Amino acid sequence: MPRRRLLALATLCAVPLALAGCASVSPTTRVPGTLTVVASFYPLQWVAQQVGGDAVRVSSLTPSGAEPHDLELSLRQTRIVGDADLVLYLSGFQPAVDAAVAARAPRHVLDAATAANLVSFASEGAAATPGPASNAASGPLDPHFWLDPTRLARLAEAVGAELAQLDPANAAGYQSRAAATSADLAALDADYAQGLASCQRHELVTAHAAFGYLADRYQLHQLGIAGLEPDAQPSGARLREVSDIVRRTQVTTIFFERLVSPKVAETLASDLGIASAVLDPIEGLSDPASDYRGVMRQNLATLRTALGCS
Ligand SMILES: [Zn+2]
1 MPRRRLLALA TLCAVPLALA GCASVSPTTR VPGTLTVVAS FYPLQWVAQQ VGGDAVRVSS
61 LTPSGAEPHD LELSLRQTRI VGDADLVLYL SGFQPAVDAA VAARAPRHVL DAATAANLVS
121 FASEGAAATP GPASNAASGP LDPHFWLDPT RLARLAEAVG AELAQLDPAN AAGYQSRAAA
181 TSADLAALDA DYAQGLASCQ RHELVTAHAA FGYLADRYQL HQLGIAGLEP DAQPSGARLR
241 EVSDIVRRTQ VTTIFFERLV SPKVAETLAS DLGIASAVLD PIEGLSDPAS DYRGVMRQNL
301 ATLRTALGCS
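Those letters in the sequence shown? Residues 1 to 310, by the numbering used here.
Structure, rendered in structure tokens:
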């Protein structure tokens with residue numbers, strides 16, 4: 001073959017298209033022997049890394065330190081969704097990711113909403129409403145399941161089973177790491193149950209209603225200033241309602257988040273003459289030196305101080 005034709009063929013094969021005879025030229029960089037897992041935001045990424053270990057390469061569609069609710073995807077990211085060996089996402093949480101999954105139809109998809117068994121909670125003024133002891137109610141499904149470690153453990157087990165099926169040669173590793181992750185999360189759950197068992201106050205006034213699962217698990221009562229979406233501006237009526245409950249229940253602290261402007265929560269706290277503190281909904285990782293477990297433990301310490309737990 002003349003040299004010129006060889007060069008032309010090489011150029012053709014470098015074009016990222018599935019051309020016959022160019023199979024070795026892959027459009028994505030892959031490390032041989034590892035699966036590529038795309039997670040849609042941080043807690044799912046953490047689970048994939050814990051369970052996948054060295055056998056997977058995990059990337060997150062939501063940049064670290066970004067608020068994931070209203071994520072937008074670039075064309076390149078949409079393509080990555082289609083090329084991944086496994087996409088781990090939470091349906092109904094990030095519309096752009098739902099659309100990319102529908103459009104690109106990845107080979108394997110795990111929807112955390114199924115593994116975590118999402119429910120909805122009454123958050124609006126529920127403290128004033130007499131009713132059953134459980135926080136469960138009808139309404140939009142609450143996506144923030146990862147703040148209940150036992151639900152995240154269920155996801156870890158589902159991810160372990162999925163990876164074992166995709167990559168049978170490494171199945172034992174996935175299964176044992178899934179079991180270890182699940183055990184870690186059970187220990188975290190036990191610490192929460194013990195740490196929050198005896199508190200003077202049970203009201204959790206939060207910037208957005210991200211802590212429904214946590215409140216439900218540990219018998220606290222969440223009062224979200226905004227609803228399930230962090231950007232929604234609370235109405236004047238809502239602010240008055242929250243203020244009334246705060247006064248009546250002697251709440252000492254209003255919680256705000258790192259990834260969302262603290263303005264509303266801080267203004268309300270200062271109007272009421274009480275403290276404000278960070279309670280992290282772990283929608284992204286605001287401190288790269290920490291991880292899911294570290295932030296959960298920090299949250300527990302914050303809660304114990306604010307709620308007067310012994
Ligand atoms: Zn949220």
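Cβ coordinates follow ideal geometry from the N, Cα and C atoms, glycine included. Values in this document were obtained by computation on a predicted structure and should not be read as measured data.
Burial state of Gly-160 is buried, judged by a 10 Å Cβ sphere holding 16 or more other Cβ atoms. Residues lining ligand 1 by the Cβ criterion, that is a Cβ closer than 6 Å to any of its heavy atoms, are His-69, His-144, His-208, Ala-210, Pro-230, Pro-281 and Glu-283 in chain order. Around the beta carbon of Arg-151, a 10 Å sphere encloses 16 or more other beta carbons of the protein chains shown; the residue is thus reported as buried. When the Cα atoms are used, Gly-173 and Ala-112 turn out to be separated by approximately 21 Å. Thr-253 counts as buried, since no fewer than 16 other beta carbons sit within 10 angstroms of its beta carbon. For Ser-40, there is no enclosing alpha helix (DSSP H), as DSSP gives it neither H nor E. Glu-283 counts as buried, since at least 16 other C-beta atoms from the protein chains shown sit within 10 angstroms of its C-beta.
Residue pairing by DSSP puts Arg-57 in a beta bridge opposite Thr-36.
Separation of Ala-164 and Val-97 (C-alpha to C-alpha, rounded to the nearest whole angstrom) is 24 Å.
Note on Pro-63: under 16 other CB atoms within 10 angstroms of its CB, so exposed under the neighbour-count rule. One thing to note: Leu-279 has its Cβ within 7 Å of the Cβ of Phe-255. Taking the CA atoms as reference points, Glu-67 sits about 11 Å from Glu-229.
Here Gln-200 carries a coil assignment [DSSP, helix/strand/coil].
Beyond the five residues adjoining it in sequence on each side, Leu-73 comes within less than 6 Å, by CB distance, of Ala-96 and Ala-100 in the same chain, given in chain order. Check the Cα spacing between Asp-148 and each of Pro-140, Ala-180, Leu-188 and Ala-232: the tightest is with Leu-188. Spanning the alpha carbons of Gln-233 and Ser-276 requires a straight line of approximately 19 Å. In this structure, Gly-195 sits near Leu-300, with a CB-CB distance shorter than 7 Å. Short of 8 Å from the beta carbon of Leu-35, and not among the five residues preceding or following it, lie these beta carbons of its own chain, in chain order: Gly-52, Ala-55, Val-56, Arg-57, Asp-85, Leu-86, Leu-163, Leu-166 and Asp-167.
Val-260: not part of any alpha helix (DSSP H); DSSP gives it neither H nor E. Taking a contact as a CB-CB distance under 8 Å, the pair Ala-193 and Leu-204 does not count as one, their CB atoms being some 16 Å apart.
For the 7 Å CB-CB criterion, Leu-307 and Arg-201 form a contact. By the Cβ neighbour-count rule, Ala-102 is exposed, with fewer than 16 other Cβ atoms within 10 Å of its own. Counting other Cβ atoms within 10 Å of its Cβ, Thr-181 reaches 16 or more and is therefore classed as buried. According to the DSSP assignment, Asp-111 belongs to the beta strand (DSSP E) that extends over 109–111.
Sequence-distant Cβ neighbours of Asp-142 in its own chain, meaning closer than 8 Å and more than five residues away, are Leu-118, Val-119, Ser-120, Phe-121, Ala-209, Gly-212, Tyr-213 and Leu-228. In the DSSP assignment, Ile-80 falls within the unbroken alpha helix (DSSP H) covering 75–83. Within its own chain, the residues whose Cβ lies closer than 6 Å to the Cβ of Leu-285, once the five positions on either side in sequence are excluded, are Tyr-42 and Ser-64, listed in chain order. The three-state secondary structure of Gly-195, taken from DSSP, is helix. Ala-158 sits buried, since 16 or more C-beta atoms from the chains shown fall within 10 Å of its C-beta.
In this structure, the straight-line span from the alpha carbon of Val-37 to that of Leu-88 is close to 7 Å.
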